[in-house]
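Peer 1:
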Amino acid sequence: MTKKVLFITSGMCKGGAETQLIKVALFLRSLQYNVLIISLTPINEFDIDYQKEGIPVVFLKSWKLQAFSNASLLYKTVKAFKPDTVIAFMFIAIIFARLLKKIFHFKLISSIRIGVLTKKWYIPFRATTGLDDAVVYNSLASKLNFEDNGLIDKKGIVINNGISIPDLKNNSNLSLPKGQFVWVCVAHFRWNKDYKTLFKAIAILKGLNFRVDIIGEYNNQNSPFNLINELKIQEYVRVLGFKQNATQYLEYADAFVLSSFSEGMPNALLEAMAYSKPVVVTNIDCNNELLHGSKCGFLSEKENEQDLAAKMLKMMRMTAQERANLGQKGRIHVQENFSEAGVMNSWLNIIKQHSPHEDLLV
Numbered sequence: 133m134t135k136k137v138l139f140i141t142s143g144m145c146k147g148g149a150e151t152q153l154i155k156v157a158l159f160l161r162s163l164q165y166n167v168l169i170i171s172l173t174p175i176n177e178f179d180i181d182y183q184k185e186g187i188p189v190v191f192l193k194s195w196k197l198q199a200f201s202n203a204s205l206l207y208k209t210v211k212a213f214k215p216d217t218v219i220a221f222m223f224i225a226i227i228f229a230r231l232l233k234k235i236f237h238f239k240l241i242s243s244i245r246i247g248v249l250t251k252k253w254y255i256p257f258r259a260t261t262g263l264d265d266a267v268v269y270n271s272l273a274s275k276l277n278f279e280d281n282g283l284i285d286k287k288g289i290v291i292n293n294g295i296s297i298p299d300l301k302n303n304s305n306l307s308l309p310k311g312q313f314v315w316v317c318v319a320h321f322r323w324n325k326d327y328k329t330l331f332k333a334i335a336i337l338k339g340l341n342f343r344v345d346i347i348g349e350y351n352n353q354n355s356p357f358n359l360i361n362e363l364k365i366q367e368y369v370r371v372l373g374f375k376q377n378a379t380q381y382l383e384y385a386d387a388f389v390l391s392s393f394s395e396g397m398p399n400a401l402l403e404a405m406a407y408s409k410p411v412v413v414t415n416i417d418c419n420n421e422l423l424h425g426s427k428c429g430f431l432s433e434k435e436n437e438q439d440l441a442a443k444m445l446k447m448m449r450m451t452a453q454e455r456a457n458l459g460q461k462g463r464i465h466v467q468e469n470f471s472e473a474g475v476m477n478s479w480l481n482i483i484k485q486h487s488p489h490e491d492l493l494v
């Protein structure tokens, strides 16, 4: 009997959580699982033929305009699919999945992908806690925060993000001619990414020969460009928008920078480490966890442009060999702790543990 696994997520944004969801879905499909994904919004940033890949996605519409039809489609889709196990990514998806579980009685694995519970979800999240059969975090820092602060009733486990380890045989920056120092930042323009602090740090460093390439969706926001103009840092910043091939920019960067004041376990940082890039990131729990284990760069105080600028300057003043040594430490750490094969097996194990008929798994 083929096992049915339903994924529910807030949207198919090309972020770390959704990237991991797709990796797990494709892995299960390769094992002949019957997989379906429900996106609670119409957002789709992946260049994937989901149907062809065997992981079809049902996209709901805008809830402001189609609340009743969305609720009806959600109910009918779950009822028709009859999932054995539901895996919910992100807070709103977890809340919806918990409510659906009361109707359909499936096994629920809730995956928490960020270390902080935002205020708007606090009441419904706490009101429905206890309905999860298993809770999965993508960092120890997130797990400790949720459990120590009583935000969730059930003890969870940590399953790291799965990262593809690229072949770097022909990608050594040591062979590139000296010139402008290139930073790369891969992050959508969202509240927690704190680009304001990054831009102010760049302004402090004006006069040096560097630039920061920013890869991320800005959704037609004017505020980033207004601040860039206000700080007169146009020649130091390239806002490149969303790119399907973000890793191409990592390949030839000298270092990676991220100014977030809140994260779960940033995929972009892990990918930068996999590409042997030295990093400067904010001293928040998940980043601290990564850099404490890898020693691949510097931590800066969050929301402090002076400290961020100082750490970026320290990185730029290092020799290419010193930066390469830092980058190699990060790559080794990712290889040892975030390889896709090990991560996918961890997901398979927890799905089997919380299967209503484990003995019938393919």
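Take any residue in the sequence shown, note its place counting from 1, add 132, and you have its number in the numbering used here.
We put the CB at the ideal spot given by N, CA and C, even for glycine.
In this text the structure is predicted, and so the values were computed from the model without any measurement.
1. Taking 9 Å as the cut-off, decide whether the C-beta atoms of E403 and N324 are in contact.
2. Confirm, please, whether the CB-CB distance from C317 to F388 is below 9 Å.
3. Less than 8 Å between the CB atoms is what I'm expecting for F139 and I295, so what's the real figure, rounded?
4. In whole angstroms, what is the alpha-carbon distance linking L172 and T141?
5. Under the DSSP definition of a beta bridge, which residues are partnered with L518?
6. Give me the Cα-Cα distance between Q152 and A335, rounded to the nearest whole angstrom.
7. According to DSSP, is A387 part of a helix, a strand, or is it coil?
8. Give every residue of the same chain whose Cβ lies closer than 6 Å to the Cβ of N166, excluding the five residues on either side of it in the sequence, and list them in chain order.
9. Quick check: the Cα distance between I255 and F223, rounded to an integer number of angstroms?
10. Can at least three beta-carbon pairs, one atom from the stretch 412 to 422 and one from the stretch 263 to 277, be found at a separation below 8 Å?
11. Provide the residue(s) that pair with Y269 in DSSP beta bridges, ordered along the chain.
12. DSSP beta-bridge partners for N166?
13. Could you name the residues of the same chain whose beta carbon sits closer than 7 Å to that of R463, not counting the 5 residues immediately before and after it, in chain order?
14. Taking DSSP's pairing of strands, which residues face M444 in a bridge?
15. At 4 residues or longer, and completely inside the stretch 447 to 478: list those alpha helix (DSSP H) runs for me, N to C.
16. In angstroms, rounded to a whole number, what distance separates the CA positions of E383 and V218?
17. For T379, does the three-state DSSP call read helix, strand or coil?
18. Excluding the five sequence neighbours on either side, which residues of its own chain have a C-beta within less than 8 Å of the C-beta of D216, listed in chain order?
19. What first and last residue would you give for the beta strand (DSSP E) that runs through L431?
20. Drop a sphere of 10 angstroms on the beta-carbon of L308, count the other beta-carbons inside from all chains shown, and report buried for 16 or more, exposed for fewer.
Peer 2: Put simply:
1. No. Outside cutoff.
2. The Cβ-Cβ distance between F388 and C317 falls below 9 Å.
3. Actually they do not touch by this definition, with Cβ atoms about 20 Å apart.
4. L172 and T141: Cα-Cα distance of roughly 6 Å.
5. The first residue shown for the chain is 133 and the last is 494, placing residue 518 beyond what the model contains.
6. The straight-line gap from Cα to Cα measures roughly 35 Å.
7. Three-state DSSP puts A387 in a strand.
8. So the list reads T134 and K136, once near-sequence residues are dropped.
9. I255 and F223 have their alpha carbons spaced roughly 11 Å apart.
10. Result yes; three or more Cβ-Cβ pairs closer than 8 Å.
11. DSSP output for Y269 lists I244 and V290 as bridge partner(s).
12. When beta bridges are read from the DSSP output, N166 appears opposite K136.
13. Excluding sequence neighbours, R463 sits near M405, A406 and S408.
14. Partner(s): none; M444 has no beta bridge.
15. Within the stretch 447 to 478, the complete alpha helix (DSSP H) runs of at least 4 residues are 452 to 469.
16. Each residue's alpha carbon lies about 36 Å from the other.
17. Helix.
18. So the list reads K135, K136, V137, F238, K239, S487, P488 and H489, once near-sequence residues are dropped.
19. Element bounds for L431: G429 to S432.
20. Legend: pLDDT at L308 = 45, less than 50; position of this residue unreliable, value from coordinates given subsequently. An exposed status is given to L308, since fewer than 16 other beta-carbon atoms sit within 10 Å of its beta-carbon.
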